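Only one structure is covered here, and it is reproduced in the block below.
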Amino acid sequence: AQSVSQHNHHVILSEAASLELGCNYSYGGTVNLFWYVQYPGQHLQLLLKYFSGDPLVKGIKGFEAEFIKSKFSFNLRKPSVQWSDTAEYFCAASWGKLQFGAGTQVVVTP
Amino acid sequence: DAMVIQNPRYQVTQFGKPVTLSCSQTLNHNVMYWYQQKSSQAPKLLFHYYDKDFNNEADTPDNFQSRRPNTSFCFLDIRSPGLGDAAMYLCATSRDLPGASSGANVLTFGAGSRLTVL
Numbered sequence: 001a002q003s004v005s006q007h008n009h010h011v012i013l014s015e016a017a018s019l020e021l022g023c024n025y026s027y028g029g030t031v032n033l034f035w036y037v038q039y040p041g042q043h044l045q046l047l048l049k050y051f052s053g054d055p056l057v058k059g060i061k062g063f064e065a066e067f068i069k070s071k072f073s074f075n076l077r078k079p080s081v082q083w084s085d086t087a088e089y090f091c092a093a094s095w096g097k098l099q100f101g102a103g104t105q106v107v108v109t110p
Numbered sequence: 111d112a113m114v115i116q117n118p119r120y121q122v123t124q125f126g127k128p129v130t131l132s133c134s135q136t137l138n139h140n141v142m143y144w145y146q147q148k149s150s151q152a153p154k155l156l157f158h159y160y161d162k163d164f165n166n167e168a169d170t171p172d173n174f175q176s177r178r179p180n181t182s183f184c185f186l187d188i189r190s191p192g193l194g195d196a197a198m199y200l201c202a203t204s205r206d207l208p209g210a211s212s213g214a215n216v217l218t219f220g221a222g223s224r225l226t227v228l
């Protein structure tokens, strides 16, 4: 069955540190990929998406993600995090329906 | 400017007492979804409507029903809530179904309705 897996459940890092969150999906066909973010007390919102073309996609708030087809991966990165990046991050893939990973709770300490 | 509005934001009910959660959208999107999200878990799709066509996920319990009386509104009915149904319920919309091209399948989420079952 198709699935989306996120490598870390919790990440704690200091401001200005670099962030990379891993995401892998299991589906051999055409797939659209997304990262959603949920800030404390707020709704899920789209960070970035990949449909086709340049495998390096840039999203809001300085985030980017790289689609590596051979590795079935879509990792999220940010070179220098801020305290306001504290949130839960969900990778998602759609292949007929949108399926989410379990999420990664990111805490950025001042 | 809220585009997907869920009510109520917080709902407390008793074991077995029916509850209805509502979702409205101003985006005129064709597709409306209901997801269940339990603590520290991925949102789980319960069902979706494409226009008036209802699509139930195979593992969604019969206890969960949905109605979409018009394009703008969609309701989630939980007929007999159990303790295990306590969760955040997320409504989302998209212009087209997942699998569609370009941005038509990007989901816009509401703020959620948190259900507590006593």
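For the record, the sequence lines run as chains S and V.
Okay, so the first sequence: first residue is 1 according to the numbering used here, each after it adds one.
Okay, so the second sequence: first residue is 111 according to the numbering used here, each after it adds one.
Beta carbons are placed, not taken as given, at the ideal position from N, Cα and C, and that holds for glycine.
Bear in mind the structure is a predicted one, so any value in this text is a computation, not a measurement.
Looking only at C-alpha atoms, which of S:P55, S:L33 and S:A16 sits nearest to K78 of chain S?
Looking up residue 78 of chain S in the first sequence gives position 78. Here the closest residue by C-alpha is S:A16.
Kindly say whether Y143 of chain V, judged by its beta-carbon, lies nearer than 9 Å to any beta-carbon of chain S.
Residue numbering aside, residue 143 of chain V sits at position 33 when the second sequence is read from its first letter. With 9 Å as the cut-off, Y143 of chain V counts as an interface residue toward chain S.
Can you find the residues in the same chain that come closer than 6 Å, C-beta to C-beta, to F185 of chain V, ignoring five residues on each side of it along the sequence?
As a working mapping, residue 185 of chain V is identified with position 75 in the second sequence. If we look at F185 of chain V and ignore the five residues flanking it on each side, its Cβ neighbours are T130, S132 and R177.
Figure out for me which residue from S:V11, S:H10 and S:L33 has the closest Cα to the Cα of S3 of chain S.
Here residue 3 of chain S is taken as the residue at index 3 of the first sequence, counted from 1. Selected option, being the one with the closest Cα: S:L33.
Judging by CA-CA distance, which residue of V:F157, V:L217, V:Q116 and V:N180 is the nearest neighbour of L47 of chain S?
Looking up residue 47 of chain S in the first sequence gives position 47. Checked all of V:F157, V:L217, V:Q116 and V:N180; the closest Cα to L47 of chain S is V:L217.
Which residues bound the beta strand (DSSP E) around F34 of chain S?
The sequence position of residue 34 of chain S within the first sequence is 34, counting from 1. It spans N32 to Q38 - the beta strand (DSSP E) in which F34 of chain S sits, taken as one unbroken run.
Can you pull the chain S residues whose beta carbon is under 9 Å from the beta carbon of A152 of chain V, in chain order?
Taking the second sequence and counting its residues from 1, the one referred to as residue 152 of chain V is at position 42. Chain S residues near A152 of chain V: V4, Q6, F90, A92, Q99, F100, G101, A102 and G103.
Can P118 of chain V and S223 of chain V be called in contact, C-beta distance under 9 Å?
The residue you call residue 118 of chain V lines up with position 8 of the second sequence. The residue you call residue 223 of chain V lines up with position 113 of the second sequence. The Cβ atoms of P118 of chain V and S223 of chain V lie closer than 9 Å to each other.
Around the Cβ of I49 of chain S, are there at least 16 other Cβ atoms within 10 angstroms (buried) or fewer (exposed)?
Taking the first sequence and counting its residues from 1, the one referred to as residue 49 of chain S is at position 49. Strictly speaking, residue 49 of chain S in this sequence is Lys, with Ile absent from that position. The residue in question, K49 of chain S, is buried, as its Cβ has 16 or more Cβ neighbours within 10 Å.
What ranges does the beta strand (DSSP E) occupy inside the region 51-77 of chain S, keeping only unbroken runs of at least 3 residues that lie completely in it?
Listed in chain order, they are 56-58 and 64-68.
In chain order, which alpha helix (DSSP H) runs of at least 4 residues are fully inside the region 150-206 of chain V?
none
In chain S, which residues lie with their C-beta within 8 Å of the C-beta of L137 of chain V?
The count along the second sequence starts at 1 and reaches residue 137 of chain V at position 27. Simply none; closest approach about 14 Å.
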